[in-house]
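Numbering (my numbering), first residue to last: 211 to 494.
What follows is a single structure, written as structure tokens, with notes after it.
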């Protein structure tokens, strides 16, 4: 097994004057790992041990400009309807199988980058999501292989144009607006989280300081290991691929009356033990 997850590491991709760099987070210091982003690192055998042992140039964490965690994943798969309370608030029945859709790489931005609000939408919504980062290539994974393929977890905000999403039965056009989906700030290996590859962590969204979503990632209908098994049955998963595992109840679209993001809003999405995305919404 080339990518065992010991020892525990926290990894990120940052922007520097020389370009983006994969780094290890050592408290207030970021250590350069010798790769341009986390995707390039994860493509290496024994990436976890190499990352833990690296002694490259360092950067102060305080000044870090976080890029999106993996700049060009071969795929970002998203799961809809995966928390019971969100399924109920959207007026749907509990699904027998995961509801899948895709994110294109040009949607992805860094942990503190501005979210570009399209002029074409009147229903711009937030969705906090625990996100799986794949660390080894797998196809038709069994349970153990699926768990071993999870390099770690990060945070995403699956910002959605609800009016465009509901134009058809397919959701792609509501989920793939340019520069709308922050991912990061770090990837945490499963060892560091309660529950490991099936983590139980508080997940939340606040908008302008008001809590909008709050739940526990242990409440996922289809847990991360199950999702890796399911997706890898359909298509190979490669190092650096992302699986956004779904959002809990509390989205703006389900409120009465609905509440949406406007230019000038600050939206924060956090998963306990991993980190926080903090993004300002700007007019695109």
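Quick reminder that beta carbons are idealized off the backbone N, C-alpha and C, glycines included.
Predicted model, so just to flag it, every value in this text is computed and none were measured.
For a quick check, are the C-beta atoms of residue 223 and residue 232 less than 7 Å apart? Yes. Within cutoff.
Specify, as a first and last residue, the run of the alpha helix (DSSP H) that residue 247 falls within. That residue, residue 247, is in no alpha helix (DSSP H); it is neither H nor E in DSSP.
Taking DSSP's pairing of strands, which residues face residue 229 in a bridge? In the DSSP assignment, residue 229 forms a beta bridge with 226.
Spatial neighbours of residue 483 in its chain, beta-carbon cut-off 6 Å, leaving aside the 5 residues before and after: Counting only Cβ-Cβ distances below 6 Å, and skipping sequence neighbours, we find 403, 411.
Under the three-state reduction of DSSP, which class applies to residue 427: helix, strand or coil? Note: residue 427 maps to helix in three-state DSSP.
Quick one: Cα of residue 477 to Cα of residue 336, how far? Roughly 8 Å separates the two Cα atoms.
With a threshold of 8 Å, are at least 3 pairs of Cβ atoms found where one atom belongs to the region 272 to 285 and the other to the region 253 to 264? Flag = no, the region 272 to 285 and the region 253 to 264 do not touch.
Answer yes or no: do residue 328 and residue 494 have a C-beta to C-beta separation smaller than 7 Å? Yes, the pair counts as a contact, with Cβ atoms nearer than the cut-off.
Is there contact between the region 294 to 311 and the region 429 to 441, where contact requires at least three CB pairs shorter than 8 Å? A contact exists between the region 294 to 311 and the region 429 to 441.
Are residue 460 and residue 469 touching if we call contact CB-CB under 7 Å? The answer is no: Cβ separation not under 7 Å.
By alpha-carbon positions, which one of 372, 426, 347 ends up nearest to residue 358? Check the Cα spacing between residue 358 and each of 372, 426, 347: the tightest is with 347.
Measuring CA to CA, which of 271, 274, 251, 229 is closest to residue 264? Cα-wise, what sits closest to residue 264 is 251.
Less than 7 Å separating the beta-carbons of residue 360 and residue 342? Yes. Within cutoff.
Is residue 339 buried or exposed, if buried means 16 or more other CB atoms sit within 10 Å of its CB? Classification for residue 339: buried.
Would you call residue 352 buried or exposed, if buried means 16 or more other Cβ atoms sit within 10 Å of its Cβ? Residue 352 comes out exposed.
When you compare each of 241, 448, 486 to residue 345 by their alpha carbons, which one comes out closest? Closest in C-alpha terms to residue 345, from the list 241, 448, 486, comes 448.
Return the bridge partner residues of residue 382 from the DSSP annotation. Looking at the DSSP assignment, residue 382 forms no beta bridge with any residue, so it has no partner.
Go ahead and label residue 458 buried or exposed: buried means 16 or more other beta carbons lie within 10 angstroms of its beta carbon, across all protein chains shown. Here residue 458 is buried: its Cβ has 16 or more other Cβ atoms, across all protein chains shown, within 10 Å.
So for residue 476, helix, strand or coil by DSSP? In the structure shown, residue 476 sits in a strand (DSSP, three-state: E or B).
Contact check, residue 366 vs residue 393 under 8 Å by CB: the rounded distance? Taking a contact as a CB-CB distance under 8 Å, the pair residue 366 and residue 393 counts as one, their CB atoms being some 5 Å apart.
I need the boundaries of the alpha helix (DSSP H) containing residue 295, first residue and last residue. Annotation: the continuous alpha helix (DSSP H) that includes residue 295 extends over 294 to 299.
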